[in-house]
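Student:
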Amino acid sequence: MKYDFGMVGLGVMGRNFILNVSDNGFTAYGNDLDPEKVNALIEEGGDTSKVNASTDSKTFLEALSTPRKIMLLVPAGKIVDMVIESLLPNLDEGDLIIDGGNSFYTDTDRREAYLAKKGINFFGAGVSGGAKGARKGPSIMPGGNREAYQHVKPIFEAVAAKYQGEPCVAYLGPKSAGNYVKMVHNGIEYGLMQLTSEIYDILKKGADYNNDELHKTFDAWNKGRLQSFLVEITSEIFEQEDDLAEGRLVDQILDKAKQKGTGKWTSQNAMDLGIPVPSIDIAVSMREISALKDERIEADKLYDRPKVEKMDKSTMEKMAEESLYFSFIITYAQGLHQLADASKEYGYDLNIAEIAKIWRAGCIIRAGLLADISEAFEANPSLPNLLMSPTFVEKVQGTVDSTRELVAYGAKNGIPLPGLSNSLTYFDAYTSSRLPLNLIQAQRDYFGSHTYERLDREGIYHTEWEKE
Ligand code: 6PG
Numbered sequence: 003m004k005y006d007f008g009m010v011g012l013g014v015m016g017r018n019f020i021l022n023v024s025d026n027g028f029t030a031y032g033n034d035l036d037p038e039k040v041n042a043l044i045e046e047g048g049d050t051s052k053v054n055a056s057t058d059s060k061t062f063l064e065a066l067s068t069p070r071k072i073m074l075l076v077p078a079g080k081i082v083d084m085v086i087e088s089l090l091p092n093l094d095e096g097d098l099i100i101d102g103g104n105s106f107y108t109d110t111d112r113r114e115a116y117l118a119k120k121g122i123n124f125f126g127a128g129v130s131g132g133a134k135g136a137r138k139g140p141s142i143m144p145g146g147n148r149e150a151y152q153h154v155k156p157i158f159e160a161v162a163a164k165y166q167g168e169p170c171v172a173y174l175g176p177k178s179a180g181n182y183v184k185m186v187h188n189g190i191e192y193g194l195m196q197l198t199s200e201i202y203d204i205l206k207k208g209a210d211y212n213n214d215e216l217h218k219t220f221d222a223w224n225k226g227r228l229q230s231f232l233v234e235i236t237s238e239i240f241e242q243e244d245d246l247a248e249g250r251l252v253d254q255i256l257d258k259a260k261q262k263g264t265g266k267w268t269s270q271n272a273m274d275l276g277i278p279v280p281s282i283d284i285a286v287s288m289r290e291i292s293a294l295k296d297e298r299i300e301a302d303k304l305y306d307r308p309k310v311e312k313m314d315k316s317t318m319e320k321m322a323e324e325s326l327y328f329s330f331i332i333t334y335a336q337g338l339h340q341l342a343d344a345s346k347e348y349g350y351d352l353n354i355a356e357i358a359k360i361w362r363a364g365c366i367i368r369a370g371l372l373a374d375i376s377e378a379f380e381a382n383p384s385l386p387n388l389l390m391s392p393t394f395v396e397k398v399q400g401t402v403d404s405t406r407e408l409v410a411y412g413a414k415n416g417i418p419l420p421g422l423s424n425s426l427t428y429f430d431a432y433t434s435s436r437l438p439l440n441l442i443q444a445q446r447d448y449f450g451s452h453t454y455e456r457l458d459r460e461g462i463y464h465t466e467w468e469k470e
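Residue numbering for the sequence shown is 3 to 470, as defined by the UniProt record's numbering.
1. Just reading off the alpha helix (DSSP H) that A247 is part of, what are its end residues?
2. Determine, using beta-carbon pairs with one atom in the stretch 143 to 152 and one in the stretch 179 to 187, whether at least three such pairs fall under 8 Å.
3. Short of 8 Å in beta carbon distance, which residues of its chain neighbour L35, apart from the five on each side in sequence? Order them along the chain.
4. What does the alpha-carbon distance come out to for the pair G263 and H339?
5. Below 6 Å, is the gap between the Cβ of N22 and the nearest heavy atom of the ligand 6PG?
6. For Y411, which beta-bridge partners are listed by DSSP?
7. Kindly list the residues whose CB is nearer than 8 Å to the CB of G139, restricted to its own chain and excluding five residues on each side of it in sequence; keep chain order.
8. Does the stretch 90 to 97 come close enough to the stretch 59 to 72 to have 3 or more Cβ pairs within less than 8 Å?
9. Measuring alpha carbon to alpha carbon, tell me which of Q261, V53, Y334, Y107 ends up nearest P176.
10. Report yes or no: do three or more beta-carbon pairs, one from the stretch 313 to 326 and one from the stretch 402 to 417, lie closer than 8 Å?
11. Jot down the residue ranges of each uninterrupted beta strand (DSSP E) in the stretch 41 to 94, minimum 3 residues, whole runs only, in chain order.
12. Between which two residues does the alpha helix (DSSP H) harbouring F124 extend?
13. Whole angstroms is fine: what's the gap from E396's alpha carbon to Q270's?
14. State the beta-bridge partners of M9 as determined by DSSP.
15. Tell me where the alpha helix (DSSP H) around I99 begins and ends.
16. Hey, would you say the C-beta of N188 is under 6 Å away from at least one heavy atom of the ligand 6PG?
17. Measure from the alpha carbon of T29 to the alpha carbon of each residue in L12, M3, G16, then state which is nearest.
18. Say yes only if the C-beta of N104 is nearer than 6 Å to one or more non-hydrogen atoms of the ligand 6PG, and no if none qualify.
19. Which one of I20, G11, G16 has the shortest CA to CA distance from Y5?
20. Mind reading off the beta-carbon distance from M313 to A209? Whole number of angstroms is fine, and I expect it under 8 Å.
21. With DSSP as the reference, label K346 as helix, strand or coil.
22. Skipping 5 residues on each side, what residues in its chain have a beta carbon closer than 6 Å to that of K315?
23. Considering only their Cβ atoms, is the gap separating A136 from M288 smaller than 7 Å?
24. Could you tell me which of G249, A259, F379, L341 sits nearest to V279, measuring between CA atoms?
25. Compare the C-alpha of I332 against each of M390, G412, S425 and name the closest.
26. Using 6 Å as the cut-off, classify the Cβ of Q261 as near or not near the heavy atoms of the ligand 6PG, replying yes or no.
27. Any chance the CB of E191 is under 6 Å from a heavy atom of the ligand FMN?
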């Protein structure tokens with residue numbers, strides 16, 4: 003017998019994904035250089051006619067039905083190229099290699115072009131949802147050759163998370179479309195995480211919320227319009243006792259956030275495209291500032307901070323909920339704006355409504371809001387920005403005043419709210435028909451004769467600004 007699906011890399015994600023494939027009625031074969039991982043999978047699979055594995059690449063490839071559908075869940079970077087090279091001599095024309103990691107999109111384009119010349123279909127398919135998602139149903143973002151996708155479609159649709167019965171996977175576009183969409187997913191993830199941490203901070207510092215109150219508040223929010231995976235896990239985090247010391251674990255965790263690069267890539271690429279995503283940019287910067295812990299400790303000694311004027315809990319809670327809702331919307335708006343622009347620039351032909359749909363379950367940024375977002379883009383697929391959607395005008399208008407108040411309160415009391423204030427500033431700027439950048443044009447023309455355009459007539463102008 004031959005197996006339906008192959009997996010290279012039997013770490014946590016690979017093992018969970020392959021078990022999910024087998025739970026859904028497909029036979030699967032794994033491959034890893036580490037015999038312990040191979041044995042662990044065989045043991046957990048329980049029946050080698052359904053899930054089997056080998057350390058030997060040739061045995062692995064011979065075990066798969068053709069065209070072979072081989073997913074790689076290995077660390078992004080050189081290892082992906084090494085695995086491809088090791089498989090290549092024993093592949094047949096028409097086989098599919100699916101990179102499920104967070105590979106950089108230009109690497110995917112390079113690999114796709116290289117393998118296409120050899121008749122092999124290469125897919126970049128972002129997989130979101132962590133280990134539990136991989137086991138129980140992730141959101142999958144595949145891009146590559148549309149016809150070849152048909153071979154893997156039934157398997158992906160079976161294993162993906164379901165939102166009201168609809169699988170959270172769709173063919174997204176050619177070349178690196180899948181990896182690109184996953185990269186922006188992660189940029190949004192960074193933004194939402196930063197915003198959640200700011201709200202935690204202000205509830206704590208501004209209104210003395212303890213961990214039980216934080217748990218209850220986030221839990222209640224998760225039952226309302228803020229319903230989302232990140233709000234849900236945040237509420238659970240506050241409840242976790244510490245095994246090594248008194249109190250709750252969250253209070254003992256070092257405040258230095260690590261990153262593997264996808265948020266930074268989103269920001270860098272948004273700059274290249276000329277699309278503003280300041281809520282994502284600041285989330286990356288905050289991880290960088292957090293890493294400067296020693297410097298922060300020294301700098302803290304040099305300056306006085308204002309004494310925090312405490313706010314009453316119910317006023318604070320209402321403002322915090324509204325501000326988080328507002329800034330979540332702004333962050334999704336920015337990420338989706340970037341996707342729409344990248345779609346034109348890189349020829350991905352993305353369907354934004356479809357992307358919002360496959361994010362409704364399984365992935366880290368899943369949220370009740372995504373159902374509204376997909377509807378907004380279904381109603382108008384060429385919506386330039388979510389902020390232009392009539393249904394979102396109402397949601398944003400109803401929450402912006404609280405955000406203004408909370409950002410002002412944070413500024414006055416020395417509590418940094420950079421994600422919230424960047425979201426607010428983006429909103430105020432994007433919705434201003436007149437910005438002061440006329441002055442910048444005047445300055446550019448003054449010192450460098452860079453010219454300017456006028457409001458009242460066509461043409462390119464230059465002025466001799468300096469008086470004799
Ligand atoms: C997901 C996540 C995942 C990512 C982690 C870590 O969708 O399941 O985005 O792919 O690797 O969130 O990212 P950082 O280490 O950069 O925070």
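We put the beta carbon where it would ideally sit given N, CA and C, even for glycine.
Tutor: So, to answer that:
1. Here residue 247 is taken as the residue at index 245 of the sequence shown, counted from 1. Segment: none, A247 is in no alpha helix (DSSP H) and carries neither H nor E.
2. yes
3. Taking the first residue of the sequence shown as position 1, residue 35 is located at position 33. Contacts found: T57.
4. Position 261 of the sequence shown, counted from the first residue, corresponds to residue 263. Position 337 of the sequence shown, counted from the first residue, corresponds to residue 339. Computed Cα separation, rounded: 20 Å.
5. As a first step, residue 22 is located in the sequence shown; it is residue number 20 there, counting from the start. No; taking the cut-off as 6 Å, the Cβ of N22 has no heavy atom of the ligand 6PG nearer than that.
6. Taking the first residue of the sequence shown as 1, we reach residue 411 at position 409. Answer is none; Y411 lacks a bridge partner.
7. Along the sequence shown, read from residue 1 onward, the residue named residue 139 stands at position 137. N22, G131, V161, A162, A163, K164, C170, A363, G364.
8. yes
9. Numbered from its first residue, the sequence shown carries residue 176 at position 174. The candidate whose alpha carbon is nearest that of P176 is Y107.
10. yes
11. 53 to 56, 71 to 74
12. By 1-based counting over the sequence shown, the position of residue 124 is 122. F124 -> not in any alpha helix (DSSP H); beta strand (DSSP E) instead, spanning 123 to 130.
13. Residue numbering aside, residue 396 sits at position 394 when the sequence shown is read from its first letter. Residue numbering aside, residue 270 sits at position 268 when the sequence shown is read from its first letter. Spanning the two alpha carbons is a distance of roughly 32 Å.
14. One-based indexing of the sequence shown puts residue 9 at position 7. Answer is G32, M73, bridged to M9.
15. Locating residue 99 in the sequence shown gives position 97, where the first residue counts as 1. Note, I99: premise wrong, no alpha helix (DSSP H); beta strand (DSSP E) at 98 to 101.
16. Taking the first residue of the sequence shown as position 1, residue 188 is located at position 186. Yes, the Cβ of N188 comes within 6 Å of a heavy atom of the ligand 6PG.
17. Within the sequence shown, residue 29 is the residue found at index 27, counting from 1. Comparing Cα positions, the closest option is M3.
18. Reading the sequence shown from its first residue, position 102 is the one you call residue 104. For the ligand 6PG, at least one heavy atom lies less than 6 Å from the Cβ of N104.
19. Here the question's residue 5 lines up with position 3 in the sequence shown. The shortest Cα separation from Y5 among I20, G11, G16 belongs to I20.
20. Position 311 of the sequence shown, counting from 1, holds the residue named residue 313. Position 207 of the sequence shown, counting from 1, holds the residue named residue 209. Correct: roughly 5 Å between the Cβ atoms.
21. Working through the sequence shown from its first residue, we reach residue 346 at position 344. K346: helix per DSSP, three-state reduction.
22. Against the sequence shown, residue 315 aligns to sequence position 313. Cβ within range, chain order: A209.
23. In the sequence shown, the residue the question calls residue 288 occupies position 286. In the sequence shown, the residue the question calls residue 136 occupies position 134. Taking 7 Å as the Cβ cut-off, M288 and A136 do not qualify as a contacting pair.
24. For the purposes of this step, residue 279 is taken as the residue at position 277 of the sequence shown. With distances taken between Cα atoms, V279 lies closest to L341.
25. For the purposes of this step, residue 332 is identified with residue 330 of the sequence shown, where counting begins at 1. Taking only the C-alpha atoms, the option nearest I332 is S425.
26. Locating residue 261 in the sequence shown gives position 259, where the first residue counts as 1. Within the cutoff, so yes.
27. Among the ligands in the structure shown, the ligand FMN does not appear; only the ligand 6PG can be found there.
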